[in-house]
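Working notes, structure below.
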Ligand code: HEC
């Protein structure tokens with residue numbers, strides 16, 4: 544197969560890689576570190592055993608939803624004294640990493656295969 548013929552396929556596959564990069568680029572270890580240091584106290588070590596029934600479960604939620612929620616708290620679009628203060632300490636990368644970490648943990652609604 545000539546290069547000319549495989550070149551479009553190479554371009555297409557590298558574009559796919561770029562498209563997938565936000566999730567792929569997330570640093571799960573960095574997310575876990577912050578989660579254990581700052582979030583576990585309220586949301587539980589597994590993100591699914593909150594200290595109060597009114598505190599939401601984070602594990603198994605969609606990564607993009609979690610990022611959205613954290614940004615909203617940081618910008619005070621979603622007003623909550625505790626989470627507003629928590630989110631203001633987080634960079635965009637911290638939010639991506641934390642959200643990727645919680646999203647890949649099994650949640651109540653996670654389908655077990
Ligand atoms: C002192 C307790 C406490 C700590 C620490 C805490 N949270 Fe929360 N978190 C809450 C409470 C309470 C809510 C519900 C707030 C509301 O009603 O909007 C919440 C809500 C959230 C939500 C929204 C979930 C949803 O389903 O909409 C996310 C995401 C979240 N927290 C992430 C984090 C992360 C990440 C950390 C660590 C950086 C953290 N929280 C630390 C108490 C805490």
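Residue numbers (the numbering used here): 544 to 656. Even for Gly, the Cβ is constructed at its ideal location relative to N, Cα and C.
(request) Consult DSSP for residue 644 and reduce its assignment to one of helix, strand or coil. (result) Reading the chain shown from its first residue, position 101 is the one you call residue 644. DSSP places residue 644 in helix when its eight states are reduced to three.
(request) Quick one: using the 10 Å Cβ neighbour count with 16 as the cut-off for buried, is residue 602 buried or exposed? (result) Along the chain shown, read from residue 1 onward, the residue named residue 602 stands at position 59. Residue 602 is buried by the Cβ-count criterion.
(message) Measuring only from the beta carbon, is residue 581 closer than 6 Å to any heavy atom that is part of ligand 1?
(response) Translated into the one-based positions of the chain shown, residue 581 becomes position 38. Because some heavy atom of ligand 1 lies under 6 Å away, the Cβ of residue 581 counts as near it: yes.
(message) Using 8 Å as the cut-off, can you tell me whether the stretch 607-621 makes contact with the stretch 591-598, which would need three or more C-beta pairs spanning the two stretches below that distance?
(response) no
(message) Check for me: the alpha helix (DSSP H) holding residue 574 runs from which residue to which?
(response) Against the chain shown, residue 574 aligns to sequence position 31. 571-577 is the span of the alpha helix (DSSP H), which, as asked, contains residue 574.
(message) With the cut-off set at 7 Å, would you say residue 641 and residue 578 are in Cβ contact?
(response) Counting from 1 along the chain shown, the entry for residue 641 is found at position 98. Counting from 1 along the chain shown, the entry for residue 578 is found at position 35. For residue 641 and residue 578, yes; Cβs fall inside 7 Å.
(message) If I measure Cβ to Cβ from residue 587 and keep anything under 6 Å in the same chain, skipping five residues before and after, which residues do I get?
(response) Position 44 of the chain shown, counted from the start, is the residue given in the question as residue 587. Excluding positions up to five away in sequence, the list reads 593.
(request) In angstroms with no decimal places, state the Cα-to-Cα distance between residue 634 and residue 646. (result) Residue mapping note: residue 634 aligns to position 91 of the chain shown, counting from 1. Residue mapping note: residue 646 aligns to position 103 of the chain shown, counting from 1. Rounded to the nearest angstrom, the two C-alpha atoms are 18 Å apart.
(request) Can you grab the Cα-Cα spacing for the pair residue 652 / residue 600, in whole Å? (result) In the chain shown, counting from the first residue as 1, residue 652 sits at position 109. In the chain shown, counting from the first residue as 1, residue 600 sits at position 57. When rounded, the distance between both Cα atoms is 10 Å.
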